[in-house]
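Trainee:
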Amino acid sequence: MTNFSGVLDVLALGPLLAIFGGVALGIVFGSIPGLTATMAVALCLPLTFGVEPVTALSLLVGLYIGGISGGLITAILLNIPGTPSSIATAFDGYPMSQRGEGGKALGIAILFSFLGTLVGCAVLFLVAPPLARFALKFGSFEYFAIAVFALTLVAGLSGGNMAKGIASTLIGLLAAMIGLAPVDAYKRFTFDMPMLDGGLSLLPVLLGMFAVSEVLKFAEQSHQGSLEQAPRFAMTGFFGLTGPEFRSYMPNFVRSSAIGVVVGLLPGIGAASSNLLAYLAARSASHDPESFGKGNPQGLVASESANNAGIGAAMVPLMALGIPGDSVTALMLGGFLIHGIQPGPLLFATNGPMVYSIFTALLLAAVIMVALEYWGIRLFIRILSVPKHYLLSIVLVMCVVGAFAANNRMFDVWTLFAFGLLGYAMLRFDYPFAPLILGFILGPMIEENLRSALMSTRGAFLPILERPVAALFLGLAVLYLVSYTLARIVRMRRERKSGVDVRPG
Amino acid sequence: MPSSAKDLLSSILLFVLGVVVHLNARTIVPRFKTGVDSGFFPEIVSAALVGMAAIIAVSALSKMRCKPSIVVVPDEQADELPINRFRVWGAVTVTAFYIVVLPMTGFLAATMAFLFALMCLLAQRGERRPLVFAPIAVAAAIAIHLIFVRGFGLPLPRGFF
């Protein structure tokens, strides 16, 4: 009964208002390109100093959930992910929106965001301490192997041309190498420019690739009449879904949520990777992988289930061990400590009501998120009726502001511009964006962990294979690459036999 | 430009990038006796990039040489619209100019001018209404400034004046 009092604490007016306000503000931050959940939590953290701990943590939880989920709106409607956690949402959400199914795409994304959050909450509540201890056993070897495995999945993002996909990944890896090298802090590719010492930030790179290139793509069209169709709401049934459709998405939902949970549990990987990995897994498991990227709702299900399932999972190492897994949970750790709550193994034993309060706040925030976004769909969809010359101009300014505000320096704005030009060039030369982003995110992780691992083994590679988890993921990586290559060879032979050459678009 | 020519051009650019990065990476001095040094990854990645550039180039050249018996062109490619290079380069120039003047003039003045110019540039001829764009640009710049600076407390460039 003592622990249950934590549930009742959240049901008071103050915490409820804090959750509502947090979710609403989080959605606003998530949906504006350039603003992220991290920024929302960072800006609102000082507001929590003078309030009760339950109210403070309720606000932070609401901001986190709203901020991660809000990115889906602009990803679907404008092809510009509001946050890095919604990159893969744009792949299929935007094509659906373009063919007049924006309402349905938003409905599916919102529903599976909600369900994904519930999975993350369940993981947090049921198995937090043992899972957190298990995740802590992962060392440099395991992280290296997981990152390599994730990078091999890039083959699935390559579209029709695997060589171009790999080249795009390599460009991402090279971009991530700018600045101080991991382990020995050697300055690489900085050309004696101090602003390059810290490397390139993900946010300007992402916004440049997606937002600036989208503006330039729009600019190149002399006659947009046929492209700018009148927006249609087109959402019937339960969140735009029929019963059989919903059931058909369940295997994908379960798999993607599991990916989101695993990625969330492991400190340092983050929702920016989980949505891409879940998308790739869904594409690989699909009987019709070619339909991905052209408006297949399964892509939305994968991305949104994974990124939101990661929220509860990311709270597991924070609450059970006191270790933040990403920037948002690092700020939340600050929030805990400010209010005299020490996260760690003893939290569950000594501060049970607080654990129940946080769990209840997560659930309520998920419910408020789904309600706000569901009722907001008709409002969001109106974005499409605003002429694009207004919309894209203002979005571009938002991106500039977001890039500047991230580190308060103009260099990030120039990064945004440079990657916008690169993104547009890649678009014109038919190179996919997504592998570059994945390479940029995973590159430092691969290098840092391999170098740390090799230092501990005095330069020997073989001990990596003696670690079961590392060996498993490296084996999976090889297996995936071999099976993918064989499948492509078989397909090419079939096409040659039939005498038809399909040129990639 | 045909897709094979585009591939060939892009492969040359990638090749040059790979070679430049590789040569630069080889100048990195090792600091530790065990493990790998900071030049190891750039060398591997740049070498792989050169390899990929070669594959793309070979594939493009073979496409140029042999004509397929039947060519199936996806619909999107068939419907591809002509590119308005003036607007693309205009948008690039206006954005670059905006980023240059932003720290000098401050957010408000630069953004008002940028929004107005970009709206004029992106709008179709029939939709180009400078008298409507001007107040929208002013109002949007002020609104964004108020939201970010007053609302969220985020600093924006103030300018020299």
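First to last, the sequence lines map onto chains A and B.
Under the working numbering, think of the first position of the first sequence as 1, with each following residue one higher.
Under the working numbering, think of the first position of the second sequence as 1001, with each following residue one higher.
Here a beta-carbon is modelled for each residue, glycine too, at the ideal position from N, C-alpha and C.
Please read these numbers as outputs of a predicted model, since none were measured by experiment.
1) Exposed or buried, what is F134/A when buried is set at 16 or more other beta-carbons lying within 10 Å of its beta-carbon?
2) On the DSSP letters alone, give me the boundaries of the alpha helix (DSSP H) that I437/A sits inside.
3) Closer than 9 angstroms, CB to CB, is N308/A near chain B or not?
4) Can you pull out the residues from the region 376-389 of chain A whose beta carbon lies closer than 8 angstroms to at least one beta carbon of chain B?
5) Counting Cβ pairs, one atom from each stretch, are 3 or more of them under 8 angstroms apart for the region 1047-1057 of chain B and the region 161-177 of chain A?
6) Does the structure place the region 343-354 of chain A close enough to the region 317-330 of chain A that three or more beta carbon pairs sit under 8 angstroms?
7) Note down the Cα distance separating P46/A from G260/A, rounded to an integer number of angstroms.
8) Could you say if the region 125-142 of chain A and the region 309-319 of chain A meet the contact criterion of at least three C-beta pairs nearer than 8 angstroms?
9) Have a look at F419/A and L173/A and give me their C-alpha separation to the nearest angstrom.
10) Could you tell me which chain A residues have their CB closer than 8 angstroms to the CB of P1042/B, listed as they occur along the chain?
11) Have a look at I1028/B and A147/A and give me their C-alpha separation to the nearest angstrom.
12) Roughly how many angstroms lie between the CA atoms of S58/A and K187/A, to the nearest whole one?
13) To the nearest angstrom, report how far apart L111/A and K294/A are at their CA atoms.
14) Mind listing the chain B neighbours of G497/A? Cutoff is C-beta to C-beta under 8 angstroms, in chain order.
15) Under 9 angstroms between beta-carbons, which chain B residues line up against N408/A? List them in chain order, please.
16) Here's the rule: buried if 16 or more other CB atoms are within 10 angstroms of the residue's CB, otherwise exposed. What is L1118/B?
17) Along chain B, which residues have their Cβ under 8 angstroms away from the Cβ of F429/A?
18) In whole angstroms, what separates the C-alpha of A1005/B from that of R1087/B?
19) Provide the residue(s) that pair with Q1124/B in DSSP beta bridges, ordered along the chain.
20) Would you call V61/A buried or exposed, if buried means 16 or more other Cβ atoms sit within 10 Å of its Cβ?
21) Step through the CB atoms of chain A and report whether any lies within less than 9 angstroms of the CB of G1090/B.
22) Short of 8 angstroms Cβ to Cβ, which residues in the region 183-216 of chain A face chain B?
23) Should L422/A and M96/A be called a contact, given that it needs their Cβ atoms to be closer than 9 angstroms?
24) Are the CB atoms of A361/A and I27/A nearer to each other than 9 angstroms?
25) In whole angstroms, what is the alpha-carbon distance linking G71/A and L35/A?
26) Applying the 10 Å Cβ sphere with the 16-neighbour rule, what's the burial state of H287/A?
27) Hey, A37/A and F49/A: beta-carbon distance below 9 angstroms or not?
28) Looking at L202/A and A272/A, is the spacing between their C-beta atoms short of 9 angstroms?
29) Spatial neighbours of G139/A within its chain, please: CB distance less than 7 angstroms, with the 5 preceding and 5 following residues excluded, ordered by chain position.
30) Taking 6 angstroms as the limit between beta carbons, can you name the residues of its chain near G297/A, skipping five residues before and five after?
31) Is the region 1038-1054 of chain B close to the region 1015-1024 of chain B, with three or more CB pairs under 8 angstroms?
32) Is T1111/B close to chain A, meaning its C-beta is less than 9 angstroms from at least one C-beta of that chain?
33) Is any beta-carbon of chain B found at less than 9 angstroms from that of A434/A?
34) Hey, does S1114/B have any beta-carbon neighbour from chain A nearer than 9 angstroms?
35) With respect to the alpha helix (DSSP H) encompassing A1025/B, which residues constitute its N-terminal and C-terminal limits?
36) Closer than 9 angstroms, CB to CB, is A147/A near chain B or not?
Mentor: Straight from the coordinates:
1) Locating residue 134/A in the first sequence gives position 134, counting from the first residue. Per the 10 Å Cβ criterion, exposed.
2) Within the first sequence, the letter at position 437 stands for residue 437/A. Under the DSSP assignment, I437/A falls in the alpha helix (DSSP H) whose first and last residues are A434 to S456.
3) As a first step, residue 308/A is located in the first sequence; it is residue number 308 there, counting from the start. No, its Cβ sits nowhere closer than 9 angstroms to a Cβ of chain B.
4) P387, K388 and H389
5) yes
6) yes
7) Position 46 of the first sequence, counted from the first residue, corresponds to residue 46/A. Position 260 of the first sequence, counted from the first residue, corresponds to residue 260/A. Spanning the two alpha carbons is a distance of roughly 30 angstroms.
8) yes
9) Taking the first sequence and counting its residues from 1, one reaches residue 419/A at position 419. Taking the first sequence and counting its residues from 1, one reaches residue 173/A at position 173. Each residue's Cα considered, the two are about 14 angstroms apart.
10) Counting from one through the second sequence, the residue named residue 1042/B turns up at place 42. Ordered by position in chain A, the residues that pass the 8 angstroms Cβ test against P1042/B are L174, M177, R188 and F189.
11) The residue given as residue 1028/B occupies position 28 in the second sequence. The residue given as residue 147/A occupies position 147 in the first sequence. Using only the alpha carbons, I get a separation of about 25 angstroms.
12) Locating residue 58/A in the first sequence gives position 58, where the first residue counts as 1. Locating residue 187/A in the first sequence gives position 187, where the first residue counts as 1. Whole-angstrom Cα-Cα distance: 42 angstroms.
13) Position 111 of the first sequence, counted from the first residue, corresponds to residue 111/A. Position 294 of the first sequence, counted from the first residue, corresponds to residue 294/A. Distance between the alpha carbons of L111/A and K294/A is about 21 angstroms.
14) Counted from its first residue, the first sequence places residue 497/A at position 497. Per the sequence presented here, residue 497/A reads as Lys, with Gly not at that position. Under the 8 angstroms cutoff, chain B gives no residues; its nearest Cβ is about 12 angstroms from K497/A.
15) As a working mapping, residue 408/A is identified with position 408 in the first sequence. Going along chain B in sequence order, the residues near N408/A (Cβ under 9 angstroms) are L1154 and P1155.
16) Here residue 1118/B refers to the residue found at position 118 when the second sequence is read from its first residue. So L1118/B counts as buried.
17) Taking the first residue of the first sequence as 1, we reach residue 429/A at position 429. Within chain B, the residues near F429/A are K1006, D1007, L1009 and S1010.
18) Residue 1005/B sits at position 5 when you count from the first residue of the second sequence. Residue 1087/B sits at position 87 when you count from the first residue of the second sequence. The straight-line gap from Cα to Cα measures roughly 24 angstroms.
19) Taking the first residue of the second sequence as 1, we reach residue 1124/B at position 124. Per the DSSP secondary-structure output, Q1124/B pairs with nothing in a beta bridge.
20) The count along the first sequence starts at 1 and reaches residue 61/A at position 61. Buried.
21) Working through the second sequence from its first residue, we reach residue 1090/B at position 90. Closer than 9 angstroms to some Cβ of chain A, the Cβ of G1090/B qualifies, so yes.
22) V183, D184, Y186, R188, F189, V212, V215 and L216
23) Position 422 of the first sequence, counted from the first residue, corresponds to residue 422/A. Position 96 of the first sequence, counted from the first residue, corresponds to residue 96/A. No.
24) Locating residue 361/A in the first sequence gives position 361, where the first residue counts as 1. Locating residue 27/A in the first sequence gives position 27, where the first residue counts as 1. No, these two residues do not count as a Cβ contact at 9 angstroms.
25) Along the first sequence, read from residue 1 onward, the residue named residue 71/A stands at position 71. Along the first sequence, read from residue 1 onward, the residue named residue 35/A stands at position 35. Each residue's Cα considered, the two are about 9 angstroms apart.
26) As a working note, residue 287/A is residue 287 in the first sequence. When all chains shown are included, H287/A counts as exposed.
27) The residue you call residue 37/A lines up with position 37 of the first sequence. The residue you call residue 49/A lines up with position 49 of the first sequence. No. Outside cutoff.
28) The residue labelled residue 272/A in the question sits at position 272 within the first sequence. The residue labelled residue 202/A in the question sits at position 202 within the first sequence. Their beta carbons are under 9 angstroms apart, which means A272/A touches L202/A by this criterion.
29) Reading the first sequence from its first residue, position 139 is the one you call residue 139/A. Cβ neighbours of G139/A within its own chain (closer than 7 angstroms, five residues either side excluded): none.
30) By one-based count along the first sequence, residue 297/A stands at place 297. A quick correction: the sequence has Pro, not Gly, at residue 297/A. The answer, listed in chain order, is I108.
31) Because the criterion of three Cβ pairs below 8 angstroms is met, the region 1038-1054 of chain B and the region 1015-1024 of chain B touch.
32) Within the second sequence, numbered from 1, the residue matching residue 1111/B stands at position 111. Answer yes: the Cβ-Cβ gap between T1111/B and chain A drops below 9 angstroms somewhere.
33) Taking the first residue of the first sequence as 1, we reach residue 434/A at position 434. So no, A434/A is outside the interface.
34) The residue labelled residue 1114/B in the question sits at position 114 within the second sequence. The displayed chain sequence assigns Phe, not Ser, to residue 1114/B. Closer than 9 angstroms to some Cβ of chain A, the Cβ of F1114/B qualifies, so yes.
35) Taking the second sequence and counting its residues from 1, the one referred to as residue 1025/B is at position 25. A1025/B -> alpha helix (DSSP H) spans S1003 to A1025.
36) Locating residue 147/A in the first sequence gives position 147, counting from the first residue. Cβ-Cβ to chain B under 9 angstroms: no for A147/A.
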